[in-house]
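Asks:
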Amino acid sequence: MGWKNVRMPPGAAKAAWALMFGGLAVSAAVAQTPTPLPTYSAEVVVRRVMADVRVVDGKGQAIRGLTADNFRVFVDGLPALLDSVEWIEGTEPYAEGLAPEVAAQAGVEAAPKGRLVVFFFQAGFQGVRLTGHMRMKGRAVKVLEGLKPEDYVAVVSYDSHLKLRVDFTTSREIVKSAIHDAILSGKVDRLPPGEFPSLATHFDFRAAKEAGTPEKGLLVLAKALEKLPGNKSLVFFGWGLGTLSNRRVWMGADYARARYHLSNGRVSVYSIDVTDADYHTLEVGLERVAEDTGGFYVKTNNFPDQAVTRIEGALAGHYVLVFTSPTEERGDHSLAVTLVNAKGTVLGKFAFRD
Numbered sequence: 110m111g112w113k114n115v116r117m118p119p120g121a122a123k124a125a126w127a128l129m130f131g132g133l134a135v136s137a138a139v140a141q142t143p144t145p146l147p148t149y150s151a152e153v154v155v156r157r158v159m160a161d162v163r164v165v166d167g168k169g170q171a172i173r174g175l176t177a178d179n180f181r182v183f184v185d186g187l188p189a190l191l192d193s194v195e196w197i198e199g200t201e202p203y204a205e206g207l208a209p210e211v212a213a214q215a216g217v218e219a220a221p222k223g224r225l226v227v228f229f230f231q232a233g234f235q236g237v238r239l240t241g242h243m244r245m246k247g248r249a250v251k252v253l254e255g256l257k258p259e260d261y262v263a264v265v266s267y268d269s270h271l272k273l274r275v276d277f278t279t280s281r282e283i284v285k286s287a288i289h290d291a292i293l294s295g296k297v298d299r300l301p302p303g304e305f306p307s308l309a310t311h312f313d314f315r316a317a318k319e320a321g322t323p324e325k326g327l328l329v330l331a332k333a334l335e336k337l338p339g340n341k342s343l344v345f346f347g348w349g350l351g352t353l354s355n356r357r358v359w360m361g362a363d364y365a366r367a368r369y370h371l372s373n374g375r376v377s378v379y380s381i382d383v384t385d386a387d388y389h390t391l392e393v394g395l396e397r398v399a400e401d402t403g404g405f406y407v408k409t410n411n412f413p414d415q416a417v418t419r420i421e422g423a424l425a426g427h428y429v430l431v432f433t434s435p436t437e438e439r440g441d442h443s444l445a446v447t448l449v450n451a452k453g454t455v456l457g458k459f460a461f462r463d
């Protein structure tokens, strides 16, 4: 909330003083009608921000039943006024908006009936990566089988460039086939725009073909997802993001742009590390994208089934927090959400731009 400074125009202050002293500025010969003083007003600027957060327990399962009294929000270190908290159940039809008949009466676009989930497979043909991909294909199918029939799933893959293999669909057989083919190289036919919700409608196929790095591919996908309403989940089965240089992992400008569109499109990324190793350098990038978007990072070399459990917990539902920004400045801001009188881990983005 901020106040705009009120400045009086030149001469206004003198006119006020003249009126106060009873006609010192009035001619003795001619009676003059006093000029009405201009009116001034102060404007209160209130900027409300919406944030999606998930709260999970030690096993990665969703914690329901929290209220505004259980959350504290800080913007740039300053406490923010929390206006409302709403729990969105993941399995509730049209949870992210209005059903078609209600939307038609209101003259707005209807929400998808189910959740929007994208499976992203980052192909890798080195032994430690290929082994992990083969192991996780079965787990991806388990995640698929745990979804509700009305949930929409799309499949993309990245080898030398980004490929849209399956547009959002409720057909589990089509998705299963794409999961098994996702780590194979070769040409994938261009998909035509489909019925709402359609990823292909907003997908830049030319940019996808020219995406020479995983970060560029992620950017293309993020821009397409941004055009669709509601919260989206991106399950990233991959081996790394960023470039190793001078013993540091650099994320680069393409990732920064992708992060912006992911955040603006309300996309949470769940990084499933398929590398068959306890540690590798590019896992830093997988951790980063999960942290930046309110998702999580999990290794799968020792306990692959935990990835399935944690994804199921994250997709169970989320809280929508609406708060008033305490700062007048526009731009990039840090965001922190903590719990009060409740135990759990908060998954949410730690920055926003207004």
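Quick note on the working numbering: the sequence shown kicks off at 110 and runs consecutively.
The beta carbon of each residue, even a glycine, is placed where N, CA and C say it ideally should be.
#1: With ARG368 and ASP401 assumed to form a contact (beta carbons below 8 Å), what rounded beta-carbon distance in angstroms separates them?
#2: Quick check on ASP276: does DSSP put it in helix, strand or coil?
#3: Is the stretch 413-426 touching the stretch 435-452, taking contact as three or more C-beta pairs under 8 Å?
#4: Taking just the CA atoms, how far does VAL226 sit from GLU304?
#5: Under a Cβ-count criterion, where at least 16 other Cβ atoms within 10 Å of its own Cβ denotes burial, should ASN355 be classed as buried or exposed?
#6: First and last residue of the beta strand (DSSP E) that includes THR433?
#7: According to DSSP, is ALA171 helix, strand or coil?
#8: Just the C-alpha distance for GLU195 and VAL265, rounded to the nearest angstrom, thanks.
#9: My output table needs one value for PRO221: the three-state DSSP class, helix, strand or coil.
#10: In the stretch 337-380, which residue ranges form an unbroken alpha helix (DSSP H) of at least 4 residues, counting only runs that do not cross its ends?
#11: Of all the options LYS168, ARG156 and SER377, which has the alpha carbon lying nearest to the alpha carbon of PHE192?
#12: What is the DSSP secondary structure of GLY288, counted as helix, strand or coil?
#13: Given that a residue counts as buried once 16 or more other Cβ atoms are within 10 Å of its Cβ, and exposed if not, what is ARG478?
#14: Thinking C-beta only, is THR310 closer than 8 Å to PRO323?
#15: Checking the sheet assignment: what are the DSSP bridge partners for SER266?
#16: In terms of alpha-carbon separation, which member of GLY326, ALA232 and LEU334 lies closest to ARG315?
#17: Given this structure, state the Cα-to-Cα distance separating GLY404 from LEU350, to the nearest angstrom.
#18: Have a look at the DSSP bridge pairing and note the partners of PRO188.
#19: Cutting at 7 Å between CB atoms, please list the residues of its own chain near ASP441, excluding the five before and the five after it.
#20: Going by DSSP in three states, VAL329 sits in which element: helix, strand or coil?
#21: Quick check on the burial criterion: 16 or more other C-beta atoms within 10 angstroms. Buried or exposed for HIS289?
#22: By DSSP, does ARG297 sit in helix, in strand, or in coil?
#23: For my contact list, ALA213 and ILE292 are in at a C-beta cut-off of 8 Å; report their separation, rounded to the angstrom.
#24: Give me whichever residues DSSP pairs with THR454 in a beta bridge.
#25: Using alpha carbons as the reference points, say which of VAL446, LYS458, LYS452 and THR454 lies closest to PHE180.
#26: Looking at PHE346 and VAL297, is the spacing between their C-beta atoms short of 8 Å?
#27: By Cβ distance below 6 Å, which residues in the same chain neighbour LEU308 in space, the five residues on each side in sequence not counted?
#28: Taking the continuous alpha helix (DSSP H) assigned at THR402, which residues delimit it?
#29: Please return the same chain residues whose Cβ sits closer than 8 Å to the Cβ of ASN450, not counting the five positions on each side in sequence.
#30: In whole angstroms, what is the alpha-carbon distance linking MET360 and GLU210?
Replies: Concretely, from the data shown:
#1: The count along the sequence shown starts at 1 and reaches residue 368 at position 259. The count along the sequence shown starts at 1 and reaches residue 401 at position 292. The pair is a contact, with the Cβ atoms about 5 Å apart (cut-off 8 Å).
#2: Here residue 276 refers to the residue found at position 167 of the sequence shown. If DSSP states are grouped into helix, strand and coil, ASP276 belongs with the strands.
#3: At 8 Å Cβ cutoff, the stretches do not touch.
#4: Position 195 of the sequence shown, counting from 1, holds the residue named residue 304. Position 117 of the sequence shown, counting from 1, holds the residue named residue 226. When rounded, the distance between both Cα atoms is 16 Å.
#5: Numbered from 1 along the sequence shown, position 246 holds the residue referred to as residue 355. Counting Cβ neighbours within 10 Å, ASN355 comes out exposed, since fewer than 16 surround it.
#6: Numbered from 1 along the sequence shown, position 324 holds the residue referred to as residue 433. Start and end: 426-433.
#7: The residue labelled residue 171 in the question sits at position 62 within the sequence shown. Three-state result, ALA171: strand.
#8: Indexing the sequence shown from 1 puts residue 195 at position 86. Indexing the sequence shown from 1 puts residue 265 at position 156. Our two residues, GLU195 and VAL265, have alpha carbons roughly 31 Å apart in a direct line.
#9: For the purposes of this step, residue 221 is taken as residue 112 along the sequence shown, with counting starting at 1. Of the three classes helix, strand and coil, the one that applies to PRO221 here is coil, per DSSP.
#10: DSSP runs (the alpha helix (DSSP H)) wholly in the stretch 337-380: 361-373.
#11: Within the sequence shown, the letter at position 83 stands for residue 192. The sequence shown places Asp at residue 192, rather than the Phe named in the question. It is ARG156 whose Cα lies nearest to the Cα of ASP192.
#12: For this step, residue 288 is matched to residue 179 along the sequence shown. Per the sequence shown, the amino acid found at residue 288 is Ile instead of Gly. If DSSP states are grouped into helix, strand and coil, ILE288 belongs with the helices.
#13: No answer is possible for residue 478: the residues shown for the chain start at 110 and end at 463.
#14: The residue labelled residue 323 in the question sits at position 214 within the sequence shown. The residue labelled residue 310 in the question sits at position 201 within the sequence shown. No; because the gap between Cβ atoms is not below 8 Å, this pair is not in contact.
#15: Position 157 of the sequence shown, counting from 1, holds the residue named residue 266. The partner list for SER266 (beta bridge, DSSP) reads PHE230 and LYS272.
#16: Counting from 1 along the sequence shown, the entry for residue 315 is found at position 206. Comparing Cα positions, the closest option is GLY326.
#17: Your numbering for residue 404 matches position 295 in the sequence shown. Your numbering for residue 350 matches position 241 in the sequence shown. So the two alpha carbons sit approximately 15 Å from each other.
#18: Start at 1 with the first residue of the sequence shown, and residue 188 comes out as number 79. DSSP output for PRO188 lists PHE183 as bridge partner(s).
#19: Taking the sequence shown and counting its residues from 1, the one referred to as residue 441 is at position 332. Close CB contacts of ASP441 within its chain, under the 7 Å cut and outside five residues either way in sequence, are with ALA460 and ARG462 (chain order).
#20: Along the sequence shown, read from residue 1 onward, the residue named residue 329 stands at position 220. In the structure shown, VAL329 sits in a helix (DSSP, three-state: H, G or I).
#21: By one-based count along the sequence shown, residue 289 stands at place 180. Residue burial is scored here from C-beta neighbours: HIS289 has fewer than 16 other C-beta atoms within 10 angstroms and is therefore classed as exposed.
#22: Taking the first residue of the sequence shown as 1, we reach residue 297 at position 188. Note on identity: in this sequence residue 297 is Val, with Arg being the wrong assignment. In this structure, VAL297 counts as coil in the three-state DSSP scheme.
#23: To locate residue 213, count along the sequence shown from 1; it is residue 104. To locate residue 292, count along the sequence shown from 1; it is residue 183. Wrong, their Cβ atoms sit about 42 Å apart, outside the cutoff.
#24: By 1-based counting over the sequence shown, the position of residue 454 is 345. Under DSSP, THR454 forms a beta bridge with VAL165.
#25: By one-based count along the sequence shown, residue 180 stands at place 71. That would be VAL446, whose Cα lies nearest to the Cα of PHE180.
#26: Along the sequence shown, one-based indexing puts residue 297 at 188. Along the sequence shown, one-based indexing puts residue 346 at 237. VAL297 places its beta carbon 8 Å or farther from that of PHE346.
#27: Here residue 308 refers to the residue found at position 199 when the sequence shown is read from its first residue. ALA263, ASP276, PHE277 and ALA333.
#28: Working through the sequence shown from its first residue, we reach residue 402 at position 293. Residues 392-402.
#29: Along the sequence shown, one-based indexing puts residue 450 at 341. Excluding sequence neighbours, ASN450 sits near ASP178 and ASN179.
#30: As a position in the sequence shown, residue 360 is number 251, starting the count at 1. As a position in the sequence shown, residue 210 is number 101, starting the count at 1. Taking C-alpha positions only, MET360 is separated from GLU210 by approximately 44 Å.
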